[in-house]
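Take a look at the structure set out below.
Number of protein chains: 2
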Amino acid sequence: MPVAYFETEKITHRNNSKLPLLIDDGCGFLGTWDIVTHLDAEYPDRPALMRNAEARALGRLVASWGDHVLFPDLLRVVLPDFLERLHVNDREWFRQSRELLLGATVEQLRENRTAYLSDLCRSLAPLRSALSVQWFLGGDAPGYADYTAYTMLVWGGFASREPVLEEDDPLQVWMARIEDRFDGLPRRLPAAA
Amino acid sequence: MPVAYFETEKITHRNNSKLPLLIDDGCGFLGTWDIVTHLDAEYPDRPALMRNAEARALGRLVASWGDHVLFPDLLRVVLPDFLERLHVNDREWFRQSRELLLGATVEQLRENRTAYLSDLCRSLAPLRSALSVQWFLGGDAPGYADYTAYTMLVWGGFASREPVLEEDDPLQVWMARIEDRFDGLPRRLPAAA
């Protein structure tokens, strides 16, 4: 169910208006980590997102890196375009809160896009390096570490008018490899509303 | 055996003059990754550095992040001090090669130390965040992921006159936790020559 930021009163689970929220069999799981942990525990017949303590440690580290590095780097690149994709009622609030977070105005972000894009490209170097010798961040099979980085990059691609990765970036091959695991489904999704 | 950079002809294993090199039972293992892999395979009675595929993936990612982010960030902060710790015959070559690598002169590095220290502090945020909910980067027990980040930070501390981490940085607690596993041995080592 699509929900604009100004409509969060539609989300009424236990006085919470935050996302992501998973309601499964009447129980609510708030936040990606709790959702992933719940899915692994409740659906042992499905491929594990984090199959052991080390996979959990890897997932945690990549998620932390995503929050502190990848997401802010992406947001600096895509915020000017992303604002235009938001419902018009959301734009002013979203703009103000994100300008405060990034310490830069949308105009400054737009002007320095090339520099921010090159920061983003540099921040991704550790992923490229690890993926030059193994198929997935999780090793032979993708896990939560892969999905958390992958989904941020996909969001960045939806949010931006221009691609956020170069066409020949080796990360494209890894992203396609993840998509192939789901019969290419992510490639068939319509672009963000 | 301490070896200065200008004495690398002392290292004569199979025409290789690079480090790290481990000679174990007549066989040479060059580079941290091959050494760690060898130790895990050959000494299964000792605690594993990377006990499964996920631990290997985690170790690989943290090592890549160390090469691309942590080590350059540290080098920018400590190079001016570190040069004075090197054998006098090594200084000119080391200075030139590292200035080229970092794209900045030693004088520029010294002048902007505060800014580089704050870049380093920011780069460590994902580690702090992961370690706020688990004891080690590897989860409940330390693994290669912990040791690779830990040893870079220890090297930075040796190389620099001033500490590279704030006294109240939560990473200090994690570093002490690793040292406790070795009965505090690292704390009893003499500072770098």
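Taken in order, these protein sequences are the chains called S and H. For what it's worth, this note's numbering labels the leading residue of the first sequence as 1, then goes sequentially. For what it's worth, this note's numbering labels the leading residue of the second sequence as 1, then goes sequentially. Even for Gly, the Cβ is constructed at its ideal location relative to N, Cα and C.
Residue i (DSSP reduced to helix, strand or coil)
i	result
S:Ala193	A caution first: S:Ala193 carries a pLDDT of 39, below 50, which makes its placement in the model too unreliable to give a value.
S:Gly184	coil
H:Leu61	helix
S:Leu22	strand
H:Gln108	helix
H:Gly138	coil
H:Leu83	helix
S:Leu124	coil
S:Gly103	coil
H:Gly143	coil
S:Leu49	coil
S:Gly31	coil
H:Arg161	coil
H:Pro44	coil
H:Ile178	helix
S:Asp168	coil
S:Asp73	helix
H:Ala4	coil
H:Asp67	helix
S:Ser132	coil
Nearest-angstrom Cα separation, counted from residue j out to residue i
i	j	result
S:Met175	H:Asp81	42 angstroms
S:Pro47	H:Arg113	47 angstroms
H:Asp169	H:Val133	15 angstroms
H:Cys27	H:Ala57	26 angstroms
H:Ala149	S:Tyr5	40 angstroms
H:Leu79	H:Thr105	10 angstroms
H:Ala192	H:Arg95	Any reading at H:Ala192 must be qualified, since the residue scores a pLDDT of 43, below 50, and its modelled position is unreliable; the value itself is stated next. Their Cα atoms are separated by approximately 18 angstroms.
H:Arg181	H:Gly143	12 angstroms
S:Val62	S:Met50	12 angstroms
H:His68	H:Ala145	15 angstroms
H:Glu99	S:Glu166	29 angstroms
S:Lys10	S:His87	16 angstroms
S:Leu39	H:Ala41	34 angstroms
S:Leu189	S:Glu179	11 angstroms
S:Tyr116	H:Ala115	19 angstroms
Candidates the options, of which the one nearest residue i by Cα
i	options	result
S:Trp135	S:Glu99, S:Glu107, S:Leu100, S:Gln172	S:Gln172
S:Leu194	S:Val154, S:Glu84, S:Val36, S:Leu165	Coverage of chain S is limited to positions 1 through 193, which leaves residue 194 of chain S absent and any answer about it impossible.
H:Phe71	H:Pro163, H:Phe29, H:Thr151	H:Thr151
S:Arg161	S:Thr8, S:Tyr144, S:Glu92, S:Leu74	S:Leu74
S:Asp90	S:Ser118, S:Thr8, S:Leu127, S:Leu137	S:Thr8
S:Val77	S:Arg60, S:Leu120, S:Leu22	S:Leu120
H:Gly138	S:Val36, S:Glu42, S:Arg60	S:Arg60
S:Ala125	S:Glu179, S:Ala53, S:Trp65	S:Trp65
S:Glu107	S:Glu179, S:Arg177, S:Ser129, S:Leu83	S:Leu83
S:Glu54	H:Ala130, H:Phe158, H:Gly156, H:Arg188	H:Ala130
S:Phe158	S:Asp183, S:Arg187, S:Thr32, S:Asp140	S:Arg187
S:Ala141	S:Pro163, S:Ile23, S:Arg177	S:Arg177
H:Ala127	H:Ala115, H:Leu19, H:Tyr147, H:Leu109	Sequence check: residue 127 of chain H is Leu here, not Ala. For H:Leu127, the nearest C-alpha among the options comes from H:Tyr147.
Chain H residues whose Cβ lies nearer than 7 angstroms to that of residue i
i	result
S:Glu140	A small correction: the amino acid at residue 140 of chain S is Asp; Glu does not occupy that position in the sequence shown. By Cβ distance, chain H contributes Ala53.
Under 7 angstroms from the C-beta of residue i: neighbouring residues of chain S
i	result
H:Gln134	Ala57, Arg60
H:Val69	Pro126
H:Leu137	Ala57, Leu61
Proximal chain S residues relative to residue i, where beta-carbon distance stays under 9 angstroms
i	result
H:Pro72	The contacting residues do not exist; H:Pro72 stays about 10 angstroms from chain S at best.
H:Ser129	Arg60, Leu61, Ala63, Ser64, Trp65, Asp67, His68
Chain H residues whose Cβ lies nearer than 9 angstroms to that of residue i
i	result
S:Ala176	None at all; the shortest Cβ gap to chain H is about 19 angstroms.
S:Ser118	The premise fails here: S:Ser118 is roughly 14 angstroms from chain H at the closest Cβ pair, so nothing lies under 9 angstroms.
Cross-chain neighbours of residue i in chain H, by beta carbon under 8 angstroms
i	result
S:Trp65	Trp65, Pro126
Chain C within 9 angstroms of residue i, Cβ atoms only
i	result
H:Thr151	Protein chains S and H are contained in the structure displayed, whereas chain C is not.
Worksheet item: Between the stretch 44-55 of chain H and chain S, which residues of the former have CB atoms less than 9 angstroms from a CB of the latter, in chain order?
Response: Those residues of the stretch 44-55 of chain H placed with their C-beta closer than 9 angstroms to a C-beta in chain S are Met50, Arg51, Asn52, Ala53, Glu54, Ala55, ordered along the chain.
Worksheet entry | the stretch 81-107 of chain S: positions lying closer than 8 angstroms to chain H by Cβ | Those would be none; no residue qualifies.
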